[in-house]
C-alpha cells in the first residue's frame, strides 16, 4: 500500500528547528502537523553548545507536535555546501563523474572526504566547443555524518538527506516546471539566493546581508517596533509606510541587490536572454511593508511573498511562530520529496 504519511521533515536552521509532516487523505494532500521551536543558545555559544541547542529544539518540536512515526528526512544546509561550476565538453559526458571528481579534488584546499552532487544546468558554446555546465554541490562527508548523528540524537531515524537549496524551492518548482524564478530567503545572519530553472537550482549564493542587521537598522532609525511593522503590512496606508521602511533600508539592501542582479545576468547569459521572470521572498522579515515590491522594482521582475502552502490545507501552520508560513519552505520541500 502507498504510504499515508510522509517521513517527519526536519529543518535544522541556525536559530530554529522546523518540523512538518504531510498526509494523503481522501485523495488529497494536507499538512498533518507543523511546528517550530527556537534554538536556545547565546550568540557567543561554542559549536558544541549550538549543536546541543539544535538537538534540544528538535526534541521539543517532536514532543509538542502530533507527528507520526520515527522516520525522518533532513537537509544539508547551504552553509555546509560549496557550489562549484564545471563545464565539460559534450564528447566527454560519459566520463563526467570522473572529470568532476578530479577537478574538485584538485581545487580542494582542505582535507577530508567529500560528497559531490552535480546538477546539469545548460549546454553552451565555450572556447570553440559545445559544453554542458554543471552546478556541483560539494560537502564534506563529516558534515553529513554530523547531521545524521544530530537527527538520531533527537530520537529519529534519518531515511534520506536532501540539499537545502533543492528542498527550499521544491514547493514552487513543482507548481511550474517551466518557470524560471529566483528565491530570496532572508535569514537572520545571511540571505540565501537560489535561481531555479526547469525545476532545479542553476545558481546559488549566500549573501552576508541578513535579517538581524536589517532589523537593527530599522530599530535605530525608526521609532516603531519591527513586529508592529509586520502587523501593519495590510493596512490602507501600508504603501506610505513601505516607502519609509525601504528608504531606511536602502543602503544595506544595495549590496544584496547587486548580488541578485549578478545572478539574474549570469542566468540570462546562459539561456540567451533574460531567464528570471519572478522573485519569491521568504524569511522572518519578508513581510515588512514595501520590502518585496521594492526589491522587485529595483531588479525589474515580479516579486511576491513566498507562500509554500498555497495549494495545501494548512490548519496547523497558520498559528505557528513568528515568520509563519514562509519559514516552512525547506521543511515542506523535504516532505514533498518523499510523496508522489
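Residue numbers (my numbering): 175 to 514.
Glycine is no exception: its CB is placed at the ideal position from the N, C-alpha and C atoms.
Nothing here was measured: the structure is a model prediction, and the numbers come from that model.
Practice problem: Pick out whichever of 280, 295 and 286 has its Cα sitting closest to the Cα of residue 445. | Solution: Against the chain shown, residue 445 aligns to sequence position 271. Distances from the alpha-carbon of residue 445 to those of 280, 295 and 286 put 295 closest.
| said: Please state the DSSP three-state secondary structure of residue 453. | reply: Start at 1 with the first residue of the chain shown, and residue 453 comes out as number 279. DSSP places residue 453 in the strand class (E or B) of the three-state scheme.
How far does the beta strand (DSSP E) with residue 354 in it extend, from its first residue to its last? Working through the chain shown from its first residue, we reach residue 354 at position 180. That residue, residue 354, is in no beta strand (DSSP E); it is neither H nor E in DSSP.
Report yes if the C-beta distance between residue 180 and residue 513 is below 8 Å; otherwise report no.
Along the chain shown, read from residue 1 onward, the residue named residue 180 stands at position 6. Along the chain shown, read from residue 1 onward, the residue named residue 513 stands at position 339. Yes; because the gap between Cβ atoms is below 8 Å, this pair is in contact.
Quiz item: What do you get for residue 246, buried or exposed, if any count of 16 or more other CB atoms within 10 angstroms of its CB means buried?
Solution: Residue mapping note: residue 246 aligns to position 72 of the chain shown, counting from 1. By the 10 Å Cβ count, residue 246 comes out buried.
Ignore the nearest five residues each way along the sequence and tell me which others in residue 509's own chain have a CB closer than 6 Å to its CB.
As a working note, residue 509 is residue 335 in the chain shown. Only 180, 183, 194 and 196 meet the Cβ criterion.
Cut-off 8 Å between Cβ atoms - residues of its own chain near residue 279, not counting five sequence neighbours on either side
As a first step, residue 279 is located in the chain shown; it is residue number 105 there, counting from the start. Excluding positions up to five away in sequence, the list reads 288.
For the 8 Å Cβ check, are there 3 or more pairs between the segment 345-363 and the segment 377-392? These segments touch.
**Prompt:** Just to confirm, are residue 435 and residue 473 a CB contact at a threshold of 8 Å?
**Reply:** Position 261 of the chain shown holds residue 435. Position 299 of the chain shown holds residue 473. Taking 8 Å as the cut-off, the Cβ atoms of residue 435 and residue 473 count as close.
Is the distance from the Cβ of residue 249 to the Cβ of residue 336 below 8 Å? On the chain shown, residue 249 is found 75 positions in, with the first residue counted as 1. On the chain shown, residue 336 is found 162 positions in, with the first residue counted as 1. Yes.
* Rounded to whole angstroms, what's the CA-CA distance from residue 185 to residue 277? Just pull it up for me. => Within the chain shown, numbered from 1, the residue matching residue 185 stands at position 11. Within the chain shown, numbered from 1, the residue matching residue 277 stands at position 103. Rounded to whole angstroms, the separation of the alpha carbons of residue 277 and residue 185 is 31 Å.
Original post:
Does the distance from the C-beta atom of residue 355 to that of residue 420 stay below 8 Å?
Top reply: In the chain shown, residue 355 corresponds to position 181, counting from 1. In the chain shown, residue 420 corresponds to position 246, counting from 1. Not in contact: residue 355 and residue 420 (Cβ atoms no closer than 8 Å).
Within a Cβ cutoff of 8 Å, which residues of the same chain sit near residue 304, ignoring the five residues on either side of it in sequence?
The residue labelled residue 304 in the question sits at position 130 within the chain shown. So the qualifying residues of the chain are 263, 264, 297 and 298.
When the Cα atoms are used, what is the spatial distance from residue 271 to residue 368?
Looking up residue 271 in the chain shown gives position 97. Looking up residue 368 in the chain shown gives position 194. Near 24 Å, if we compare the C-alpha coordinates of residue 368 and residue 271.
If you check the beta carbons only, do residue 293 and residue 375 fall under 8 Å apart? The residue labelled residue 293 in the question sits at position 119 within the chain shown. The residue labelled residue 375 in the question sits at position 201 within the chain shown. In this structure, residue 293 sits near residue 375, with a CB-CB distance shorter than 8 Å.
- prompt: Of the residues 338, 213 and 202, which one's Cα is nearest the Cα of residue 188?
  reply: Within the chain shown, residue 188 is the residue found at index 14, counting from 1. The shortest C-alpha separation from residue 188 is found at 213.
| field | Which listed residue (315, 427 and 505) has its alpha carbon closest to that of residue 468 | value | Taking the chain shown and counting its residues from 1, the one referred to as residue 468 is at position 294. The option with the nearest alpha carbon to residue 468 is 427.
According to DSSP, which residues form a beta bridge with residue 249? Position 75 of the chain shown, counted from the first residue, corresponds to residue 249. DSSP, once it has assigned bridges, lists 336 as partnering residue 249.
- Task: Kindly confirm or deny that the segment 229-239 and the segment 203-220 touch, where touching means at least three C-beta pairs closer than 8 Å.
- Result: Touching, per the Cβ criterion.
inquiry  = Determine whether the beta carbon atoms of residue 310 and residue 273 lie at a separation below 8 Å.
reply    = The residue given as residue 310 occupies position 136 in the chain shown. The residue given as residue 273 occupies position 99 in the chain shown. Their beta carbons are not under 8 Å apart, which means residue 310 does not touch residue 273 by this criterion.
Would you call residue 332 buried or exposed, if buried means 16 or more other Cβ atoms sit within 10 Å of its Cβ?
-> One-based indexing of the chain shown puts residue 332 at position 158. Within a 10 Å sphere around the beta-carbon of residue 332 sit 16 or more other beta-carbons, which makes this residue buried.
- Query: Can you tell which of 203, 225 and 314 has its C-alpha closest to the C-alpha of residue 257?
  - Reply: Numbered from its first residue, the chain shown carries residue 257 at position 83. Looking at the Cα atoms, 314 is the closest of the given residues.
Worksheet item: Under the three-state reduction of DSSP, which class applies to residue 501: helix, strand or coil?
Response: Position 327 of the chain shown holds residue 501. Helix, per DSSP.
Have a look at the DSSP bridge pairing and note the partners of residue 183. Translated into the one-based positions of the chain shown, residue 183 becomes position 9. As a beta-bridge residue in DSSP terms, residue 183 pairs with 194 and 247.
- Task: Could you pull the start and end residues of the beta strand (DSSP E) that residue 303 belongs to?
- Result: Counting from 1 along the chain shown, the entry for residue 303 is found at position 129. Taken as a continuous stretch (DSSP letters only), the beta strand (DSSP E) holding residue 303 covers 303-314.
Skipping 5 residues on each side, what residues in its chain have a beta carbon closer than 7 Å to that of residue 338? In the chain shown, the residue the question calls residue 338 occupies position 164. Sequence-distant partners of residue 338 (beyond 5 residues in either direction) whose C-beta falls short of 7 Å from its own C-beta, in its chain, are 249, 250, 251, 252 and 504.
- Local conformation of residue 266 per DSSP, three classes: Taking the first residue of the chain shown as position 1, residue 266 is located at position 92. Helix.
Fill in: Spatial distance of residue 476 from residue 357 (CA atoms)
Along the chain shown, read from residue 1 onward, the residue named residue 476 stands at position 302. Along the chain shown, read from residue 1 onward, the residue named residue 357 stands at position 183. CA-to-CA, the gap between residue 476 and residue 357 works out to about 12 Å.
Check: Counting along the chain, where does the beta strand (DSSP E) carrying residue 296 start and finish?
Finding: By one-based count along the chain shown, residue 296 stands at place 122. Taken as a continuous stretch (DSSP letters only), the beta strand (DSSP E) holding residue 296 covers 288-300.
Handout entry: Cβ-based neighbour list, residue 454, same chain, cut-off 8 Å, excluding 5 preceding and 5 following
Key = The residue labelled residue 454 in the question sits at position 280 within the chain shown. Excluding positions up to five away in sequence, the list reads 346, 355, 356, 357, 358, 477, 478, 479 and 480.
Margin query: How far does the alpha helix (DSSP H) with residue 225 in it extend, from its first residue to its last?
Written below: Indexing the chain shown from 1 puts residue 225 at position 51. That run of the alpha helix (DSSP H) goes 221-238.
- Query: Going by the beta-carbon positions, is the gap between residue 392 and residue 423 smaller than 8 Å?
  - Reply: What you label residue 392 is simply residue 218 of the chain shown in a count that begins at 1. What you label residue 423 is simply residue 249 of the chain shown in a count that begins at 1. In contact: residue 392 and residue 423 (Cβ atoms closer than 8 Å).
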